[in-house]
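> One structure coming up, written as structure tokens, with questions to follow.
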Amino acid sequence: MKKKFTDKDVLLKIRGLKIDGYSDETWIPIIKGVDLTLHRGEVMGLIGESGAGKSTIGAAAMGYARDGTRISEGSIEFDGMELTTASEGERRALRGSRIAYVAQSAAASFNPAHKIIDQHTEAPVHYRIQKRMEAQEDAMELYERLRLPNPQEIGFRYPHQVSGGQLQRAMTAMAMSCRPDLIIFDEPTTALDVTTQIEVLAAIRDIVDQFNTAAIYITHDLAVVAQMADTIKVLLKGEEVEEAPTKEMLDNPREDYTKSLWAVRSFKRDQKSRPTDGTQPVISVQNIDAAYTGGVKVLDDVSFDIYPGMTVAVVGESGSGKSTTARVITGLLPPTEGQVLFKGDPLPPRYQDRNRDQLRQAQMIYQMADTALNPKVQINEIIGRPAQFYSGLRGQALKQRVDELLDLIELEPARFYNRYPPELSGGQKQRIGIARALAAEPDFIICDEVTSALDQLVAEGILKLLDRLQRELGLAYMFITHDLATVRSIADEVVVMQHGKVVEQGPKDEMFKPPHHPYTDLLLSSVPEMDPDWLTTLLEERGGVDNIGDAADV
Amino acid sequence: MSNFVIGYYAALIAASCLAAYYQNRKVFMLLFSLTLVSFVLGIIGGVPALRGVTIFAGLLALAAGTSYAFREFLIQISKPGIAKELRTAPLTASFGMFVIFTYAIAGIFAPWIAPYGESEVIAQTFAPPDENLLLGADQLGRDIFSRIIYGARNSVGLALVATLLAFIMGALGGLLAAVKGGWFDQLMGRVADVIMSVPSLIFALLMLSIFGTSLIVIVIVVAVIYSPRVFRLTRAVAGNIVVMDYIEAAKLRGEGDWYLIRKEILPNSTAPLVAEFGLEFCFVFLLIAGLSFLGLGIQPPTADWGSMVRENATLISFGDITPLIPAAAIALLTVAVNFVVDWMLFRSSGLKEQ
Chain X
0 MKKKFTDKDV LLKIRGLKID GYSDETWIPI IKGVDLTLHR GEVMGLIGES
50 GAGKSTIGAA AMGYARDGTR ISEGSIEFDG MELTTASEGE RRALRGSRIA
100 YVAQSAAASF NPAHKIIDQH TEAPVHYRIQ KRMEAQEDAM ELYERLRLPN
150 PQEIGFRYPH QVSGGQLQRA MTAMAMSCRP DLIIFDEPTT ALDVTTQIEV
200 LAAIRDIVDQ FNTAAIYITH DLAVVAQMAD TIKVLLKGEE VEEAPTKEML
250 DNPREDYTKS LWAVRSFKRD QKSRPTDGTQ PVISVQNIDA AYTGGVKVLD
300 DVSFDIYPGM TVAVVGESGS GKSTTARVIT GLLPPTEGQV LFKGDPLPPR
350 YQDRNRDQLR QAQMIYQMAD TALNPKVQIN EIIGRPAQFY SGLRGQALKQ
400 RVDELLDLIE LEPARFYNRY PPELSGGQKQ RIGIARALAA EPDFIICDEV
450 TSALDQLVAE GILKLLDRLQ RELGLAYMFI THDLATVRSI ADEVVVMQHG
500 KVVEQGPKDE MFKPPHHPYT DLLLSSVPEM DPDWLTTLLE ERGGVDNIGD
550 AADV
Chain S
0 MSNFVIGYYA ALIAASCLAA YYQNRKVFML LFSLTLVSFV LGIIGGVPAL
50 RGVTIFAGLL ALAAGTSYAF REFLIQISKP GIAKELRTAP LTASFGMFVI
100 FTYAIAGIFA PWIAPYGESE VIAQTFAPPD ENLLLGADQL GRDIFSRIIY
150 GARNSVGLAL VATLLAFIMG ALGGLLAAVK GGWFDQLMGR VADVIMSVPS
200 LIFALLMLSI FGTSLIVIVI VVAVIYSPRV FRLTRAVAGN IVVMDYIEAA
250 KLRGEGDWYL IRKEILPNST APLVAEFGLE FCFVFLLIAG LSFLGLGIQP
300 PTADWGSMVR ENATLISFGD ITPLIPAAAI ALLTVAVNFV VDWMLFRSSG
350 LKEQ
């Protein structure tokens, strides 16, 4: 990974870049003077929390300002060409051919109506670099290098016919189609499972190495950036905090903010064990089978217990049936077989048949706070409605209860009482989601990937809050996640799921100690670590690059 | 060369130079190309053509001025939140609002504004316009101006009631179909398909000849014809909302369908529905005017723009434009409503100007 760069090789030079965003009829600075120098073949990691301006800088490197933003000052020099003063036509000629972009969600970025290979060959054919047939052969070669299964054939499928990880790799191949000098990766693995993430990371790293392409790698995951980047630049609210080579940055960060980012994963609480005095579990899932209408079985004989005051983490990659289990417990999807017990009594399988008290006991916190809160309803009503609905509170008593709940989630009542969800930040919205669940005064809360859409600092705050609430209110959590770092910090017991079956379950300390079930082992070893050599070591350990893909695509 | 022609070109060229000096590219291009076109126009059409251009430009400027002033007026009298929205309205939208406002005033205060009664015979058949009869008299000797004022009340009022009814039926059906789903959704969808499969004018004529032409029948028939469109839009909009997690959260809380519709879905679907309301209003208005023209709509002696066009149609052969005046009133209202709707659609589509 060690490379030496000289001034001669400078590819991209950004000096004093300022970008404004348009909101409320005025221009507000969002990037406040950032410098960036990128050499040929260098991979630079841009990290920071959301709103730090990472993606905006990434887009600016292409000379592009998104709708509602403008480049107000500074210079962007790409290979000796000044992009801020270049005409739109000149800039457009660079994009796709010399600068390419890989977006976060490949599924949303591919046109679903065209075959993958047709979208792949569009750029080379457009720029008259290759004829269509040549471009197709080249695409197949790239697919092979990126270790996509069946490289001769996969390009002729439509985007919805391949998995998310494969699509992300196909997108990287597409970015490579014109052999650009610079590729901008905008959180390419954030939407993927750990197991899938590894193959994409390995593929990206190899191909960038092979073609000596320069890259800007944007992410908020430090462990990922440690694997990929030669240099790391930390951003905070549109300003640069510090920049250093990866090793140096990891070993001794200079600024406090960087140190705090590094320390995030340190949150850990003591593990509790099951009560021994014969207390009944709050929720007991017994031999559940479930299927969506007319489909195949998605849950097969799932059983586990959740005891009062404990956190049970349900882990597994997407499609393993974690969320479906939650839907069965809440009654949205009646099981075909088996039952769910609440404190020893069976719950009616359909939520429509449950009475208010049964509904009240099991609350849910959702992954996407944006879709979980009605954007047109004020905070006080979002939180107040469950309190009014279940406890029949009115007027002053209701207002008091809402204030109490806002205090509980550490938001100042006076400031948030009359606001609407779109005015809040991601972390604040998630807190409102928690408050809505708490307002029902439940015994049991299902947390469905509550932290996966959040930055690490914010996520840690949410985890701490959930932990505090558990201690104060004696709540039981079912914690659905694919992030094992979260599991390590907050779970008491772990249930590992794969293909709708429970593969392994038990107390956390046992689960993290070998021997494991092979799938648990795969999951555990796939969690990126801060060590920059982790990926290299892992790939060697797993022996031969071909198996990683197979391991995750089964 | 008359003074008018010299002044005309001098003014255009001076304005072009000013625009160029202030680097206003769009205005300059417009003014200067108008100058060039005017050379050709002047040679072919002579002074009258140039006068026509001047009058047209003057009218446009007057409309723009009125719209600008009316928008400022609305901004001044409304609350800060609404004022902010109004500031984004283009001139066309405020022109539309001004026209709608004028029609509303004419309709509401018709008995005080109109100089004569709605069906009062006061002159000779087809009496020409004079000081007392602003637009002359119709085939029975009634004042056309007064009847146009009353027509605003009858035609617009009826169309408004019919559209409202269509909306209540369609939107309620659409929301319920989206929330309930399953067989209810299917049933409502098929009923809407059946109504939409019959051409609307034929359907209306059929129903009106069966049930007679009383006002209530007109309103109900028109509402039934137009409710399926509203139903389909509402169902599509609500369909995107019911899959949201907050709806799931409310369902799991045990909320009823009515609460879901009222508190969770409606606030999120008002923008497209309001825009659709304006659009549907135009169609309903035109349909009713068409029915009246065919003699199956609002019955005489009640004043109505559609039937007024028909009653005075014979005048066209004498080169008189009187029958076109009610038609123009219809056209102006339709255009005005569409201007406002365009602005609302633009806002609800979430497009941002660069």
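Those protein sequences? They're chains X and S, same order as listed. Take the first sequence: its position 183, counted from the start at 1, is 182 in numbering that gives the first Met the number 0, and no numbers get skipped. Take the second sequence: its position 9, counted from the start at 1, is 8 in numbering that gives the first Met the number 0, and no numbers get skipped. Here a beta-carbon is modelled for each residue, glycine too, at the ideal position from N, C-alpha and C.
1) Express the C-alpha separation of X/Ser-22 and S/Gly-135 in angstroms, rounding to a whole number.
2) May I have the straight-line CA-CA distance separating X/Tyr-350 from S/Ser-268, to the nearest angstrom?
3) At a CB distance below 9 Å, what residues from the region 386-400 of chain X approach chain S? Give them in sequence order.
4) Name the chain X residues whose beta carbon is nearer than 7 Å to that of S/Arg-252?
5) Taking Cβ positions only, does S/Lys-78 come closer than 8 Å to chain X?
6) So, is the C-beta of S/Pro-271 closer than 8 Å to a C-beta in chain X?
7) Ignoring anything shorter than 4 residues or poking outside the region 477-514 of chain X, list the alpha helix (DSSP H) runs there in chain order.
8) Measuring straight from C-alpha to C-alpha, what distance separates X/Met-477 and S/Ala-249?
9) By a C-beta neighbour count over all protein chains shown, 10 Å radius and 16 as the cutoff for buried, is S/Gln-75 buried or exposed?
10) Roughly how many angstroms separate the alpha carbons of X/Gln-118 and X/Val-33, rounded to a whole number?
11) Under 8 Å between C-beta atoms, does S/Ala-165 make it to chain X?
12) State the Cα-Cα distance for the pair S/Asn-239 and S/Val-197, rounded to the nearest angstrom.
13) So X/Thr-230 and X/Ala-243 are in contact, right, with Cβ under 8 Å, and what is the actual spacing, rounded?
14) Could you tell me the alpha carbon to alpha carbon distance between X/Asp-530 and X/Leu-537, rounded to whole angstroms?
15) Please state whether DSSP places X/Phe-210 in a helix, a strand or coil.
16) Apart from the five residues just before and just after X/Arg-178, which ones in its own chain have a Cβ nearer than 7 Å to its Cβ?
17) Near X/Gly-548, which residues of its chain fall below 6 Å by C-beta distance, leaving aside the five closest residues on each side in sequence?
18) Tell me, which residues are paired with X/Leu-100 by DSSP?
19) Restricting to Cα atoms, I'd like to know which of S/Leu-29, S/Gly-51, S/Leu-33, S/Leu-35 is closest to S/Phe-3.
20) Provide the residue span of the beta strand (DSSP E) that contains X/Ile-364, from first to last.
21) Can you find a C-beta in chain X that's less than 8 Å from the C-beta of S/Pro-266?
22) Where do the N-terminal and C-terminal ends of the alpha helix (DSSP H) with X/His-119 fall, by residue?
23) Would you say the region 285-292 of chain S touches the region 300-314 of chain S, given that touching needs at least three Cβ pairs under 8 Å?
24) Under 8 Å between the Cβ atoms of S/Val-336 and S/Phe-280?
25) Please classify X/Asn-546: does DSSP put it in a helix, a strand, or coil?
26) Please list the terminal residues of the continuous beta strand (DSSP E) segment that includes S/Leu-272.
27) CB-CB under 7 Å to S/Leu-174, same chain, minus the five flanking residues each way: which ones, in chain order?
28) Is the Cβ-Cβ distance between X/Met-43 and X/Arg-94 less than 8 Å?
29) Taking all protein chains shown into account, do 16 or more other C-beta atoms lie within 10 angstroms of the C-beta of S/Pro-127, making it buried, or fewer, making it exposed?
30) Return the Cβ separation of X/Leu-200 and X/Met-227 in integer angstroms, given the expectation that the two are a contact with Cβ distance under 8 Å.
31) Rounded to whole angstroms, what's the CA-CA distance from S/Ile-167 to X/Gln-196? Just pull it up for me.
32) Does DSSP classify S/Ile-5 as helix, strand or coil?
33) Quick one: which chain A residues come within Cβ less than 9 Å of X/Asn-379?
34) Apart from the five residues just before and just after S/Gln-353, which ones in its own chain have a Cβ nearer than 6 Å to its Cβ?
35) Starting from X/Gln-395, trace the alpha helix (DSSP H) both ways and give me its first and last residue.
36) DSSP three-state call for S/Val-178: helix, strand or coil?
Looking at the coordinates:
1) If you number the second sequence from 1, residue 135 of chain S lands on position 136. If you number the first sequence from 1, residue 22 of chain X lands on position 23. Their backbone Cα atoms lie some 55 Å apart in a straight line.
2) As a first step, residue 350 of chain X must be located in the first sequence, where it is residue number 351. As a first step, residue 268 of chain S must be located in the second sequence, where it is residue number 269. Roughly 27 Å separates the two Cα atoms.
3) Phe-388, Tyr-389
4) The sequence position of residue 252 of chain S within the second sequence is 253, counting from 1. Those are Leu-358, Pro-385, Phe-388, listed as they occur along chain X.
5) As a first step, residue 78 of chain S is located in the second sequence; it is residue number 79 there, counting from the start. Judged by the 8 Å Cβ criterion, S/Lys-78 is not in contact with chain X.
6) For the purposes of this step, residue 271 of chain S is taken as residue 272 along the second sequence, with counting starting at 1. Chain X contact via Cβ: absent.
7) 483-489, 507-510
8) In the first sequence, counting from the first residue as 1, residue 477 of chain X sits at position 478. In the second sequence, counting from the first residue as 1, residue 249 of chain S sits at position 250. So the two alpha carbons sit approximately 20 Å from each other.
9) Here residue 75 of chain S is taken as the residue at index 76 of the second sequence, counted from 1. It is exposed - the Cβ of S/Gln-75 has fewer than 16 other Cβ atoms within 10 Å.
10) If you number the first sequence from 1, residue 118 of chain X lands on position 119. If you number the first sequence from 1, residue 33 of chain X lands on position 34. Their Cα atoms are separated by approximately 34 Å.
11) Taking the second sequence and counting its residues from 1, one reaches residue 165 of chain S at position 166. No, S/Ala-165 does not count as interfacial toward chain X.
12) One-based indexing of the second sequence puts residue 239 of chain S at position 240. One-based indexing of the second sequence puts residue 197 of chain S at position 198. Answer to the nearest angstrom: the Cα atoms are 28 Å apart.
13) Numbered from 1 along the first sequence, position 231 holds the residue referred to as residue 230 of chain X. Numbered from 1 along the first sequence, position 244 holds the residue referred to as residue 243 of chain X. That pair is a contact at about 7 Å.
14) Locating residue 530 of chain X in the first sequence gives position 531, counting from the first residue. Locating residue 537 of chain X in the first sequence gives position 538, counting from the first residue. For X/Asp-530 and X/Leu-537, the distance between alpha carbons rounds to 11 Å.
15) As a first step, residue 210 of chain X must be located in the first sequence, where it is residue number 211. Correct three-state label for X/Phe-210: coil.
16) Position 179 of the first sequence holds residue 178 of chain X. So the list reads Phe-210, once near-sequence residues are dropped.
17) Within the first sequence, the letter at position 549 stands for residue 548 of chain X. Low confidence applies here, because X/Gly-548 scores a pLDDT of 43, under 50, leaving its location unreliable; read the following figure in that light. These residues qualify, in order along the chain: Arg-146, Glu-198.
18) As a working note, residue 100 of chain X is residue 101 in the first sequence. Looking at the sequence provided, one finds Tyr at residue 100 of chain X rather than Leu. Note: X/Tyr-100 sits in a beta bridge opposite X/Ile-183.
19) Working through the second sequence from its first residue, we reach residue 3 of chain S at position 4. Answer by Cα proximity: S/Gly-51.
20) Walking along the first sequence from the start, residue 364 of chain X turns up at place 365. Note, X/Ile-364: beta strand (DSSP E), 361-364.
21) As a working mapping, residue 266 of chain S is identified with position 267 in the second sequence. By this cut-off, S/Pro-266 is an interface position.
22) Translated into the one-based positions of the first sequence, residue 119 of chain X becomes position 120. First-last of the alpha helix (DSSP H) with X/His-119: 115-125.
23) yes
24) On the second sequence, position 337 is the one that residue 336 of chain S refers to. On the second sequence, position 281 is the one that residue 280 of chain S refers to. Yes.
25) Within the first sequence, the letter at position 547 stands for residue 546 of chain X. With a pLDDT of 45 at X/Asn-546, under the threshold of 50, the predicted position of this residue should be treated as unreliable, though the coordinate-derived value follows. Here X/Asn-546 sits in helix by DSSP.
26) What you label residue 272 of chain S is simply residue 273 of the second sequence in a count that begins at 1. Segment 265-292 is the alpha helix (DSSP H) holding S/Leu-272; no beta strand (DSSP E) there.
27) Against the second sequence, residue 174 of chain S aligns to sequence position 175. Taken in chain order, the residues that qualify are Thr-233, Ala-237, Ile-260, Ile-264.
28) Against the first sequence, residue 43 of chain X aligns to sequence position 44. Against the first sequence, residue 94 of chain X aligns to sequence position 95. Cβ distance not < 8 Å, so X/Met-43 and X/Arg-94 don't count as in contact.
29) Here residue 127 of chain S refers to the residue found at position 128 of the second sequence. Its Cβ having fewer than 16 others within 10 Å, S/Pro-127 is exposed.
30) Here residue 200 of chain X is taken as the residue at index 201 of the first sequence, counted from 1. Here residue 227 of chain X is taken as the residue at index 228 of the first sequence, counted from 1. Contact holds; Cβ gap of about 7 Å.
31) Against the second sequence, residue 167 of chain S aligns to sequence position 168. Against the first sequence, residue 196 of chain X aligns to sequence position 197. In a straight line, the C-alpha of S/Ile-167 is about 51 Å away from that of X/Gln-196.
32) Walking along the second sequence from the start, residue 5 of chain S turns up at place 6. Residue state, collapsed to three classes: helix.
33) Considering every chain present, this structure includes no chain A. Its protein chains are X and S.
34) To locate residue 353 of chain S, count along the second sequence from 1; it is residue 354. In this predicted model, S/Gln-353 has a pLDDT of only 37, less than 50, meaning its place in the structure is not dependable; the value taken from the coordinates is given anyway. There are no such residues.
35) Walking along the first sequence from the start, residue 395 of chain X turns up at place 396. It spans 394-407 - the alpha helix (DSSP H) in which X/Gln-395 sits, taken as one unbroken run.
36) As a position in the second sequence, residue 178 of chain S is number 179, starting the count at 1. In this structure, S/Val-178 counts as helix in the three-state DSSP scheme.
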